[in-house]
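The structure appears below as C-alpha cells.
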Amino acid sequence: MRYIGNTRDNQREMLGVIGAGSLEDLLVRIPAKVRLARPLALPPAMAETDLVRHLRALAATNTDADHAVCFLGGGVYDHYTPVTIDHLISRGEFFTAYTPYQPEASQGTLRTIYEYQTMIAELTGMDVANASIYDGGSSLAEAALMAASVTGRAEIVLAAGVSPLHRRVVATYCEGPAVRLRDAAARDGVLDLDAARAAVGAKTAALVVQSPNFYGCLEDLAAAAEIAHAAGALLVVAADPVNLGVLQAPGRLGADIVVGEGQGLGVPLSYGGPNLGVFAAKQEFVRRMPGRLAGATVDLDGQRGFVLTLQTREQHIRREKATSNICTNVALCALMATIYLSLLGKQGLVRVGELASAKAHYAAERLGAVPGVSLAFGAPFFKEFTLRLPKAPERIVARLAKQKILAGVPLKAFDRRLADGLLVAVTEKRTKDEIDAYAEALARAVA
Amino acid sequence: MRYIGNTRDNQREMLGVIGAGSLEDLLVRIPAKVRLARPLALPPAMAETDLVRHLRALAATNTDADHAVCFLGGGVYDHYTPVTIDHLISRGEFFTAYTPYQPEASQGTLRTIYEYQTMIAELTGMDVANASIYDGGSSLAEAALMAASVTGRAEIVLAAGVSPLHRRVVATYCEGPAVRLRDAAARDGVLDLDAARAAVGAKTAALVVQSPNFYGCLEDLAAAAEIAHAAGALLVVAADPVNLGVLQAPGRLGADIVVGEGQGLGVPLSYGGPNLGVFAAKQEFVRRMPGRLAGATVDLDGQRGFVLTLQTREQHIRREKATSNICTNVALCALMATIYLSLLGKQGLVRVGELASAKAHYAAERLGAVPGVSLAFGAPFFKEFTLRLPKAPERIVARLAKQKILAGVPLKAFDRRLADGLLVAVTEKRTKDEIDAYAEALARAVA
Amino acid sequence: MAMPRYDKLVFEIGAPGRVGYSLPASDVPVEDPRAGIPDSYLRREAPALPEVSEFDVVRHYSRLSQLNYGVDTHFYPLGSCTMKYNPKLNETMARLPGFARLHPLTPPASAQGALGLMHDLAQMLGEIAGMDAVSLQPAAGAQGELAGVLMIRAFHRANGEKRTKVLVPDSAHGTNPASTALAGYQVVQLKSLANGDVDLADLEAHLAPDVAAFMITQPNTLGLFEQRILEITDLCHARGVQVYMDGANLNAILGITRPGDLGFDVCHFNLHKTFTTPHGGGGPGAGPVGVKSHLEPFLPAPVVVRRGEAYALDWKRPKSIGKLQAFWGNFGMLVRAYTYIRTMGPDGLREVSENAVLNANYIMARLAKDYDVAAPGPCMHECVLSARKQKKLGVTAMDIAKRLLDLGFYAPSTYFPLIVEEALMIEPTETESKETLDAFCDAMIQIAREAEQSPAVIHEAPVTTSVRRLDQTRAAREPDLRWAPRR
Amino acid sequence: MAMPRYDKLVFEIGAPGRVGYSLPASDVPVEDPRAGIPDSYLRREAPALPEVSEFDVVRHYSRLSQLNYGVDTHFYPLGSCTMKYNPKLNETMARLPGFARLHPLTPPASAQGALGLMHDLAQMLGEIAGMDAVSLQPAAGAQGELAGVLMIRAFHRANGEKRTKVLVPDSAHGTNPASTALAGYQVVQLKSLANGDVDLADLEAHLAPDVAAFMITQPNTLGLFEQRILEITDLCHARGVQVYMDGANLNAILGITRPGDLGFDVCHFNLHKTFTTPHGGGGPGAGPVGVKSHLEPFLPAPVVVRRGEAYALDWKRPKSIGKLQAFWGNFGMLVRAYTYIRTMGPDGLREVSENAVLNANYIMARLAKDYDVAAPGPCMHECVLSARKQKKLGVTAMDIAKRLLDLGFYAPSTYFPLIVEEALMIEPTETESKETLDAFCDAMIQIAREAEQSPAVIHEAPVTTSVRRLDQTRAAREPDLRWAPRR
Ligand SMILES: Cc1ncc(COP(=O)(O)O)c(C=O)c1O
Ligand SMILES: Cc1ncc(COP(=O)(O)O)c(C=O)c1O
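Chains as they are written, first to last, in numbering that gives the first Met the number 0: chain A, 0 to 446; chain B, 0 to 446; chain C, 0 to 486; chain D, 0 to 486.
Structure representation (C-alpha cells):
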C-alpha cells in the first residue's frame with residue numbers, strides 16, 4: 000500500500016515483539032459499538048498515472064493567470080515571482096521540517112525567520128515583526144485584539160476603505176472578546192477625516208486604516224495617526240508590503256501596529272491560500288504580540304545561534320491567557336517572502352513599485368478613456384483603482400474572461416453603492432500590449 | 000547584470016589588487032586585430048517575465064505527450080515517470096556537482112553510480128556496467144568498437160532489426176577505426192538466422208542484435224549467440240532495460256556486451272535528448288570498456304567509500320590510447336534511472352512490462368482489425384509493433400495529430416520497403432479508452 | 000552525522016549595488032511613476048534590504064537548509080504533529096498552473112475545477128469523520144478550534160441559551176484553552192486520570208448548566224483511545240453540552256471509527272498532519288472543521304455548494320459565524336490533501352491508521368524496559384514515555400532529546416502533555432518502516448544505558464549540530480529580534 | 000563545516016515485498032501479457048532490484064545528496080570545467096511540458112517550437128563563435144571533437160587528399176588526442192612552451208603534408224590567450240592543415256573575440272560550461288560544433304533548417320559524416336542554453352567573460368606570493384598554479400585539494416595540464432563574487448602557511464567529509480564494481 004512503511008512480514012514481526020496476535024488486538028480500547036463496520040465510502044485508490052490525468056483535467060477547467068491576463072486584485076496580486084523561490088523552498092530540509100522546537104537541528108528555519116522579521120520590520124518601519132500569521136485578514140484581526148488588550152479598551156474603528164474581506168474576519172475574531180467594531184465613513188474613496196475624528200474616542204482601542212485601501216486609494220496615514228493618538232488610541236495600518244519600496248513605511252507615519260497581506264512577496268496565488276499574514280509592532284508591545292518570534296542568542300561555545308523566544312506569550316505555555324491561539328502559522332510563505340525580498344533587494348522592490356504604479360496609471364488613463372467608463376474616485380492611487388462601468392460589471396467580466404482577460408473584481412458584492420464598480424489591479428507584470436488589448440476589449444464590451 | 004557576481008565597486012577594488020587599470024588591461028594578450036569591434040549580433044537581454052512568456056509560447060506550439068496521446072516509440076517511449084525522480088535529482092548537491100574527481104566530497108554521486116552499475120548489471124545479466132554513455136546509439140557504437148578491439152577483428156554484422164537511427168551512429172563511429180559494417184537480412188520482421196550464419200565469419204568481431212528490434216519484434220537471442228560464438232565473434236545485444244523485468248536478461252542468452260537506450264527508466268522525452276546510453280559487459284572485458292566506473296574501496300579509517308576506478312582506460316590518463324573519448328557522460332540521467340529502478344523495484348518493473356505488453360497486444364488487435372490495416376509481421380512482439388496502412392502513413396499521422404493522437408512513426412524514411420508501415424508503441428500509460436479512441440480515429444482516417 | 004557549519008545571515012553577504020532580480024524596463028508612456036502621489040506618502044530612501052545576486056541567494060538558502068533536519072532526511076518522531084512523509088506527487092499537483100496560478104476572485108464560472116475539488120474534498124472529509132458538513136476555511140488546527148467553538152456559541156445563542164464556560168482537560172494541547180478563551184469562554188480545566196482519560200465522575204460534577212462545551216482530544220494526548228467516549232458524549236448531550244473533538248490525532252482512527260459516530264458535534268482536521276500536507280518549518284497547514292447538521296447553519300461563510308452541474312460559493316449564510324480568512328481556505332493545502340485521499344482510497348486510509356498504531360505500539364514495547372511508559376497500552380498512534388527514571392540520574396527529557404539529535408534523529412515532543420513528568424511523546428507515523436523504528440529504539444536504549452553509565456555524553460549533546468545548546472534565557476531576557484548592521 | 004554521515008546503499012535498505020511505485024490495474028481484456036512470447040525469451044525470476052517504499056527512496060537519495068559538494072552549496076573552482084551558477088529559470092523552462100514531454104519523432108509540423116528554438120540557438124552560437132554553421136547534435140565536448148575531426152577528414156577526402164596525422168599539443172585535454180585517434184588519425188604530440196603557448200618553430204617543423212589538422216585550446220589550458228594565433232592559423236592553412244579549436248574555454252572570450260575570426264575552421268562549444276547547463280554529477284552536457292562554410296556540407300545529419308515560415312529536419316546531406324546520436328541533440332540542454340543566451344543578451348555575455356577573466360586574475364594576484372604561478376599573466380578565465388614549492392615541504396597538489404575540502408571549498412583541477420608540475424588549475428567563473436574569492440584565497444594562503452608550519456593538518460585532511468582519503472590502489476587492484484548481497 001502506498002506511503003506505508005511496513006510489509007506484511009514487518010507487521011507480523013512487530014506484533015510478535017509487542018505480544019499482540021493481530022492489528023485488531025491493538026485496537027481493543029475502541030468499543031465495538033463505535034467501530035465503523037464498513038469501509039469508508041470514498042472513491043477507490045487511484046494510481047499515480049490516473050490521478051495525474053484526473054487532476055490535470057480538473058486544473059485545466061480553471062482560468063488561471065498563466066492562461067489569461069490577470070487584472071484581479073482585491074488583496075492578492077499577480078506579482079512577479081522569481082522561479083528561484085520555489086526551487087529553494089522545495090528543499091526537503093525546509094519543506095518537511097516543523098516549528099523549530101529543537102533549535103540545534105533547526106538553525107536553517109530559525110535563521111530565515113530572523114531574516115524575515117528583520118525585513119518586515121524594515122519595510123513597515125516597525126521595531127519588531129513576528130514569524131507570520133495565517134493571512135492579511137487574521138493578521139488584522141489579531142492586531143485589533145492586541146490593540147484592545149494593550150489599551151484596555153473595547154472598540155475598534157475601521158476606516159471604510161478596509162478590505163471588506165478582512166473586515167469580516169475581524170468581526171469573527173472580535174465576537175468572543177466582545178470587542179465592538181465601528182466604521183468611519185469615506186469621502187471620494189478615502190477616509191473622511193472628520194468622520195474619523197467623530198468616531199474615535201475614549202473607548203477606542205485603535206483606528207484601523209488600510210492604504211492603499213480596498214478601492215485602490217491611498218490614505219493619509221499621518222492624519223489618521225494624529226486622530227488616533229489624540230484619543231489615546233493606537234493606529235493600526237494595513238499595508239501591502241510589496242508597495243513599501245515606494246510608499247512610505249507606515250511606522251514613519253505614526254502607525255503602532257502594521258499588518259498586511261504578504262502574498263505579493265513571492266507567494267503563489269493558489270486560489271487565495273495559503274497567504275502570508277504580516278504583523279509588526281512597536282518594541283513596547285512585543286510581549287503582547289501574537290505569534291512566534293525568533294531571536295538571536297549564543298550557544299555553549301559562545302557562537303551565535305537562534306531560538307524561538309518570548310514563548311511565555313504563546314498558547315503552549317500560557318494556555319488560555321496566551322496573546323493568541325496561533326500555533327501552526329505560515330512559516331514557509333514567510334520563507335518565500337524572505338527569499339523574494341533577498342532577490343528583489345534594496346533596488347528591486349523599488350523597481351516593482353515604480354513599474355506597477357506606472358502601468359496602473361497608464362491603465363487607468365486608457366480604461367478611463369473608454370466611452371462610458373470613468374474612474375470612480377479622485378484620490379491618488381497606486382497599483383489598483385476603481386472604475387465605474389456603464390453596464391453590469393459581472394457581465395463585462397464574464398465576457399472578457401472568454402477572451403482570456405480577467406478584467407477585475409466587480410464591487411457590488413462588497414459595497415452596494417458600487418454596483419457599477421470594477422476594481423482593477425495592474426502589477427509590474429502587465430505589459431502595455433496587454434493593457435491596450437484590455438482597453439479595446441472593454442470598449443467593445445461596453446459599446 | 001544578471002548572474003554576474005561582481006559590482007562595479009568590486010571590479011575596481013579587484014583591479015587595484017591585480018594592479019591593472021581596467022578590464023581591458025587584462026586582455027592585452029589578445030591582438031587588436033582579432034578583437035570583435037562590435038557587440039555580438041544577438042537579441043537584447045530579456046527580463047525573466049518576458050522570457051518566460053516567450054518560452055511558454057514557443058513550448059505551446061509543440062504537440063507534447065501531456066497534450067496528446069502518445070503512441071510514438073522507435074527507441075524512446077512515453078513510460079510512467081514517477082514525479083519523485085525530478086524532485087530528487089533537482090537537489091543542488093546532485094544537480095550542480097560534476098564528475099566526482101574529489102571522491103571525499105562526492106560520495107553522493109559515487110554511491111548512486113555504484114548503485115546504477117549494480118542495477119544495470121542485474122537487469123542485463125552482465126557482470127559489470129559502466130556509469131553511462133550518451134545514448135543508445137553511441138553506446139552501441141562504443142560496443143562495436145570495443146568488440147573490434149577485444150577480438151582484433153574489423154567487421155561488425157548488424158541484424159536488420161537494429162534501429163536505423165542507431166545504425167547510423169555506429170557507422171559514424173566506425174569510420175575512423177575502419178571497422179566495416181555488414182548487414183544480416185530479416186525474414187518476417189526478425190533476423191534471418193541463415194543469413195546471419197552466412198554473414199558472420201572469421202573476420203566478424205561481433206554480431207549485433209536488437210530485441211525487441213526496431214520494428215517491435217522479439218529476436219531469438221540464444222540462436223544469435225550460437226551463431227556469433229561459433230565464429231569466435233561476440234554477441235552484442237541492444238535491449239531496452241525497461242523491458243527486462245519481463246524479458247530474459249540478454250546475458251542469460253549468451254550476450255557478451257549489452258547496450259541500450261535507457262530513456263524509459265525515468266528520463267524525460269525532451270525531444271530526444273539527453274538520453275541514457277546503457278553499457279554492460281562480461282567481467283573479462285572490464286579493462287577494455289569505455290566510460291566511467293565507480294568502485295567500492297575503504298578510507299583511511301577502514302570505512303567503506305567509493306571512487307572512480309580503472310581510470311587507466313580513460314582519455315585523461317591514456318589519451319590517444321584510451322578505450323573511448325568519452326568524458327562528460329549522462330550521470331544525471333543515470334541517477335534518474337537509479338531512482339526509477341529503486342521506486343519500481345523488483346515488482347514494479349515486472350508490472351510495467353506486463354501492462355505494456357498487455358496493452359500493446361490489445362492495441363495490435365484493435366488496430367489490426369481496422370479494415371485495410373494489418374500487422375506487418377507475424378513474429379512475437381512486446382510493446383511495439385508495425386502496422387501496414389492502406390493510405391500513406393505520413394498523412395494519417397498528420398491527420399490524427401490534429402485530433403491529439405500521436406499515432407506512430409511512419410517507416411518510409413527508415414526502410415523503403417515499409418513505405419506503408421507505421422510503427423506503433425504502447426506503454427503501460429496508455430488506457431483502453433485511449434487505444435479504442437485511436438482505433439476509431441484510425442478507422443475513420445483510412446476509410 | 001555532523002552537520003555543515005555556515006554562520007551567515009543574508010544581510011551579511013552581498014555588496015552594495017548587487018541585484019538578484021530581473022525586471023523589464025517600463026513599456027508605458029508614464030514618466031514619473033510617483034506623479035500624483037503626495038510626497039509625504041512616499042518613501043524617501045530605499046529600504047535596507049539585502050543586495051545580493053541570485054546566486055548568492057541560492058547558495059545562502061541552500062546552505063541554511065542544510066542546518067535543518069527534515070522528514071525527508073531524518074526520522075522526526077515529534078509527538079502530536081504526525082510528521083509523516085509528504086508525497087512529492089502532491090507537490091507536483093499543487094503546482095499545476097490551473098491551481099497555483101488561480102486568483103481567488105476569478106469568477107466562479109472560470110474556477111469550476113477548484114470549486115469542484117473543494118466541494119469533493121469537504122464531502123470526503125465529512126465521510127471520514129462522520130460529520131454532516133465541513134468547512135475548509137480554517138487555516139490551521141487552532142483556527143479550526145476557534146471556528147468550532149464559535150459555532151457552538153452561536154448555536155447556544157440561537158437557542159437562547161447563555162452558557163459561559165467550556166471544560167478542557169489539563170492534558171489538552173495549549174491551543175484548546177487558547178481558542179476557547181478567544182471565543183469568549185471561560186476555560187475550566189478538568190483533571191485527567193493518569194492515563195489521560197477523562198475522569199467521568201469529575202466531568203459529571205462539572206457539567207453545570209453554564210457549560211457550553213466539552214473539548215477533548217481523541218485519542219487523547221497520551222495516545223490512548225478514550226474508551227468511555229459514548230458515555231461521555233451522552234452525558235454531555237444530556238446536559239445540553241456540545242462536545243468538541245480536537246482532531247489532531249485523527250491519524251489513529253481513519254476508517255476504524257469516526258468522530259461523528261462517537262457522538263462529537265464538532266471536530267477539526269489538521270491536513271498538515273493526517274493528510275500529508277507538508278509542515279514547511281511551521282506552516283502553512285489547513286484546519287477544516289466538520290460539524291453535525293445542527294451546527295451547519297453556523298459554518299464560516301462562504302460555503303462551496305453544488306448547484307446542478309455547477310459549483311458556487313454560497314455567501315447567503317445568515318447564521319454564519321463569519322469569515323476566518325480573507326478567502327476560501329488554504330487551497331494549496333487542499334489540493335495536496337485531495338491528492339492524498341484519492342491516492343490512498345478507503346482501504347489505504349484504514350491501513351494508514353493500523354500501521355500508525357502498530358508502529359507506536361512497537362516503539363512502546365521495545366522501550367518499555369528502559370523508560371517508564373506514561374500509560375499502559377495498547378496505545379494508538381503515539382506513545383508517551385516518561386524520563387523520570389533517567390531524571391533521577393540527572394538526565395532530563397530535554398537532555399535525551401539533545402542526545403537524539405547527535406544520534407541522527409529529530410527529537411520527540413518533550414514536556415507535553417503537561418500531566419506527564421518528563422514527557423517524551425513519540426509519534427512514528429505509518430510512513431516509517433520497522434528498520435527506522437529499530438534504529439531509533441536502539442538509540443533510545445543506548446541513551447538509557449548512557450544515562451546510567453556515562454551521562455556526560457548526554458549532557459554534552461548535541462555536538463554534531465551546527466550549534467550547541469543555546470542560551471534560551473538570554474534570548475528572552477535581552478530579546479534580539481532583528482538584525483542590525485554594526486554602525 | 001562537517002558533512003552528515005550516511006553509509007547505506009539502496010540495496011541495504013527496504014524489506015521484501017515493499018514497493019515504491021503506483022500503477023493501475025490493467026484495463027484491457029488481455030489475460031496473459033506473456034502469451035505469444037516464447038518461454039525462452041522470458042525472464043524466469045524478477046530482477047533483484049531494491050524493495051523500498053517511495054519514502055525510503057526520498058530519504059535515501061536526499062541523504063546521499065548531502066554527501067556531495069555542489070555549486071549550489073560550495074565554491075567549485077574546478078579548472079577547465081566552468082562550474083558557474085546554473086540559473087533556476089533554465090530549469091523551469093526546460094521542464095515546460097511542450098519541451099520536456101515532446102517525443103523526438105513527433106511530426107515536425109507538430110514540433111515547430113522545438114525546431115525553431117534549435118534553429119535560433121544554432122544561429123546564435125554561430126554568431127558567438129564567428130562560425131558559418133553549427134550542429135547541435137553532439138552530446139558533449141568530446142563528441143563535438145569527434146564530429147569536428149571527422150568533418151575535417153571528410154573534407155580532405157573530398158578534396159582527394161590523404162592526410163593521416165593530427166597535431167595535438169602536450170598541454171591538451173585528454174579528449175583531444177582520444178577523439179582524434181577515434182576519428183582514425185595518428186596523433187602527433189607537440190611540445191608546448193612553458194606557458195602553454197604553441198612553439199611556432201616546432202609547429203612549422205611538424206606541418207608535413209600528411210598532417211590533416213592542428214587542434215588547440217584557446218585560451219590554452221594554462222589559461223593564457225594564444226597571442227600568435229593568427230600566425231598559427233595562417234601557417235596551418237598555408238600547408239592545407241585545418242585548425243580545430245577546443246572551445247572548452249570559450250567562457251573567456253564571449254563578445255571579445257571569436258574563434259572564426261581567429262582563423263579556426265572548426266570549434267566545439269560546451270553548453271554545460273559556457274552556457275550554464277548543469278553538470279549533473281558528470282553530465283549530461285551538450286557539445287555543439289561550429290564550422291566555416293567549407294565544412295558545412297559535412298555536418299552531422301539531420302540539420303535543422305528554415306523553409307519559409309516552417310522549420311524542418313534536413314536529412315538530405317549526402318556529404319554528412321552521419322549521425323552522432325540517435326536523435327537531434329541534447330535538446331533539454333539546448334533549451335537551457337537558449338534561455339541563458341536570451342537572458343544575457345550581447346552585452347551580458349561580454350560582461351560574463353570580462354568578469355570571468357577579472358576573477359581569475361584576482362585569484363592569481365592574491366596567491367602569487369604563496370604559490371608558483373605556472374605562467375605569468377594576465378591570464379584569461381582561469382589560472383594555473385604549481386605547488387612545487389609546497390611539494391618540497393612534502394605537501395602535494397592533491398594534499399592541498401583535500402585540505403580545501405575541509406575548509407569548505409571544492410578543489411581546483413589537479414595535475415592538469417600535464418605540463419605543469421603539481422598543477423592546481425583554478426577557474427572561478429564570473430558568477431562568483433569577490434567575497435567568495437577572498438574566502439578561497441584566504442584558505443589557500445592558510446594552507447601555504449600550514450605547509451610550512453603544520454603540514455600534519457594537511458596530510459590528515461579531509462576530516463570533515465563523510466569519508467576520509469580513499470584507497471584508490473585497492474579500488475583498481477580488486478575492482479568491486481557492483482553490490483552483492485552477503486549470501
Ligand atoms: C493536539 C493538538 N491540538 C491542536 C493543535 C493545533 O493545530 P495547529 O498547529 O494546526 O493550529 C495541535 C498542533 O500542534 C495539536 O497537536
Ligand atoms: C579543455 C577541455 N576539452 C575538452 C573537454 C571535453 O568535454 P566534455 O567533457 O564535454 O566531453 C573538456 C572537459 O572537461 C575540457 O576541459
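Positions of the beta carbon are idealized from the N, C-alpha and C atoms, including for glycine.
Distance, residue j Cα to residue i Cα
i              : j              : result
residue 194(C) : residue 314(A) : 23 Å
residue 0(D)   : residue 75(D)  : At residue 0(D) the pLDDT is 40, less than 50, meaning the model places this residue with poor confidence and gives no usable figure here.
residue 287(D) : residue 259(D) : 15 Å
residue 24(C)  : residue 376(A) : 29 Å
Reduced DSSP category for residue i - H, G, I as helix; E, B as strand; rest coil
i              : result
residue 309(B) : coil
residue 243(C) : strand
residue 450(D) : helix
residue 278(C) : coil
residue 127(A) : strand
residue 298(B) : strand
residue 0(D)   : At residue 0(D), the pLDDT of 40 sits below 50, so the modelled position is not reliable and the matter cannot be decided from this model.
residue 25(C)  : coil
First and last residue of the uninterrupted alpha helix (DSSP H) at residue i
i              : result
residue 460(B) : Beyond the ends of chain B as shown, which are 0 and 446, falls residue 460(B); an answer cannot be given.
residue 168(C) : Taken as a continuous stretch (DSSP letters only), residue 168(C) belongs to no alpha helix (DSSP H), being part of the beta strand (DSSP E) at 164-168.
residue 226(B) : 220-229
First through last residue of the beta strand (DSSP E) which encompasses residue i
i              : result
residue 477(D) : Neither: residue 477(D) is in no beta strand (DSSP E) and is coded neither H nor E.
| message | Please give the ranges of any alpha helix (DSSP H) in the stretch 42-119 of chain C, keeping only runs that are unbroken, at least 4 residues long and fully inside the region. | response | Correct list: 53-64, 87-93, 96-99.
| said: Runs of 4 residues minimum, wholly inside the stretch 51-96 of chain A: which ones carry the alpha helix (DSSP H) assignment? | reply: Every unbroken stretch of the alpha helix (DSSP H) spanning 4 or more residues and falling wholly within the stretch 51-96 of chain A is given here in chain order: 83-88, 91-94.
| Complete runs of the alpha helix (DSSP H) confined to the stretch 323-375 of chain D [at least 4 residues] | Fully enclosed alpha helix (DSSP H) runs of no fewer than 4 residues occupy 330-366 of the stretch 323-375 of chain D, in order along the chain.
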